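In the working numbering, the protein residues as written are 2 to 423. Every residue gets a Cβ at the ideal spot worked out from N, C-alpha and C, and that includes glycine. Keep in mind that this is a model prediction, so the values were computed, not measured.
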């Protein structure tokens, strides 16, 4: 933006430098700056993936749908058009299965009532090519498709009616969790509100069941009604702002006596727990399955976190995942090197949030600062790290006991002879 200030030449030797005169600054120009600041501060609830994350060429495909487009961001792309027919079929099936019976027109009007609000959730440049009718129709088809797909996937008998191959289901489930492939929840509510299968709490329960059955990691995608995780707020342990703790490697933690165990009851983000024992300690982490879709899912969670007004939980979790031990990381991808490369790739451009998991980190630091506990742990680790050292130790103890008995018998022969005489 150029400044409409009047300019005044100032002599400097043989040169003239032109500078703006402050007294002549246009008030309208200053007002435009203030108004522009206000408009840029309004955040979209369903934003695009930040440009910074798309600079890595190999990751770009992780943000784009493979088979089905939801919302305007990837609408009308050539490779996704074949699934538009499936959307129409699923919409017809959803309307026909509606209880009590209703018409497609009535449901369309329900969506039309919230279409204006839904449009404001997206980046303006993505919706300006849609008139109100086209945008509402897109929301209607996409919403019916999602709800009917959830209905099918929650019931094995119903799932057979989908007439979809397994690889198509896998691609659809991947696509439904992309940041740029989301639908405002108000659209789903408009379609669910009169349906006895989805009305009230039933709808949220069915959606949560679908997420749980898809894979445990997807529980990280919370609805706006759910509370934010407590590990980064209202912590019982106060950490001074000038304290900085580094992230310990898995090997460092193990050497210090902190072992890893799966937390099967914990969620992907909030399931990190520290449990102190007498000498050692246990760090419980939620299990995580690593397969071909993991990179896409985690990158989209990171992109979601980097969006304005989103929780700051996923980046720390991604940086935290540096191990495949004790059933915490289930590797279906390939070698450990591939998994390590996956997390190294995802962790690019990420900055740890020092306030996340601070209770856990504080307790780990306390464990490290306990010199007696560390000395005992290192001694046990050095001398009893393998079954052979334990057997050798037990053998040495047995030898000492036998030697003591032999010495005692040699010193007290009279006692033995008396006992034998009796």
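Q: Return the CA-CA distance between residue 111 and residue 365, expressed in angstroms with no decimal places.
A: 53 angstroms
Q.
Do residue 264 and residue 283 have their beta-carbon atoms positioned less than 7 angstroms apart in this structure?
A. no
Q. Using CA coordinates, which residue listed in 184, 308, 78, 129 is at the minimum distance from residue 50?
A. 308
Q | At least 3 beta-carbon pairs within less than 8 angstroms: the stretch 189 to 201 vs the stretch 109 to 127 | A | yes
**Q.** beta strand (DSSP E) runs contained entirely in the stretch 278 to 305, provided each spans 3 or more residues
**A.** 282 to 286, 289 to 291
Q | Rounded Cβ spacing between residue 92 and residue 47 (contact assumed at less than 8 angstroms) | A | At roughly 21 angstroms, the Cβ-Cβ gap does not stay under 8 angstroms, so residue 92 and residue 47 are not in contact.
Q) How long is the line joining the alpha carbons of residue 377 and residue 407, rounded to whole angstroms? A) 33 angstroms
Q: Output yes or no for whether 7 angstroms exceeds the beta carbon distance between residue 184 and residue 72.
A: yes
Q) Looking at the structure shown, is residue 71 part of a helix, part of a strand, or coil, going by DSSP? A) coil
(Q) Is the separation between the beta-carbon of residue 211 and that of residue 154 shorter than 7 angstroms? (A) yes
Q. Between residue 425 and the rest of its own chain, which residues show a CB-CB distance below 7 angstroms, the 5 nearest in sequence each way excluded?
A. In the structure as shown, the chain begins at 2 and stops at 423. Residue 425 is therefore absent and cannot be evaluated.
Q: Within 10 angstroms of the Cβ of residue 368, are there 16 or more other Cβ atoms? Answer buried if so, exposed if not.
A: buried
Q) Which runs of the alpha helix (DSSP H) fall wholly inside the stretch 105 to 174 and span at least 4 residues, in chain order? A) 105 to 120, 125 to 128, 133 to 154, 157 to 160
Q) Cβ of residue 96 within 7 angstroms of Cβ of residue 84? A) no
Q: Give the DSSP-derived three-state secondary structure of residue 404 in the structure shown.
A: helix
Q: Per DSSP, which residues does residue 95 bridge with? Please list them.
A: DSSP, once it has assigned bridges, lists no residue as partnering residue 95.
Q. Which value, in whole angstroms, describes the spacing of the CA atoms of residue 400 and residue 410?
A. 15 angstroms
Q: Would you identify the three-state DSSP class for residue 260, choosing helix, strand or coil?
A: strand
Q: Would you kindly report the start and end of the unbroken alpha helix (DSSP H) that includes residue 191?
A: 186 to 193
Q | Cβ-based neighbour list, residue 169, same chain, cut-off 7 angstroms, excluding 5 preceding and 5 following | A | 68
Q. If you compare alpha carbons, which of 375, 88, 119 is closest to residue 253?
A. 375
Q.
Among 371, 300, 178, 163, whose alpha-carbon lies nearest the alpha-carbon of residue 279?
A. 371
Q | Beta-bridge partners of residue 275, as assigned by DSSP | A | 284
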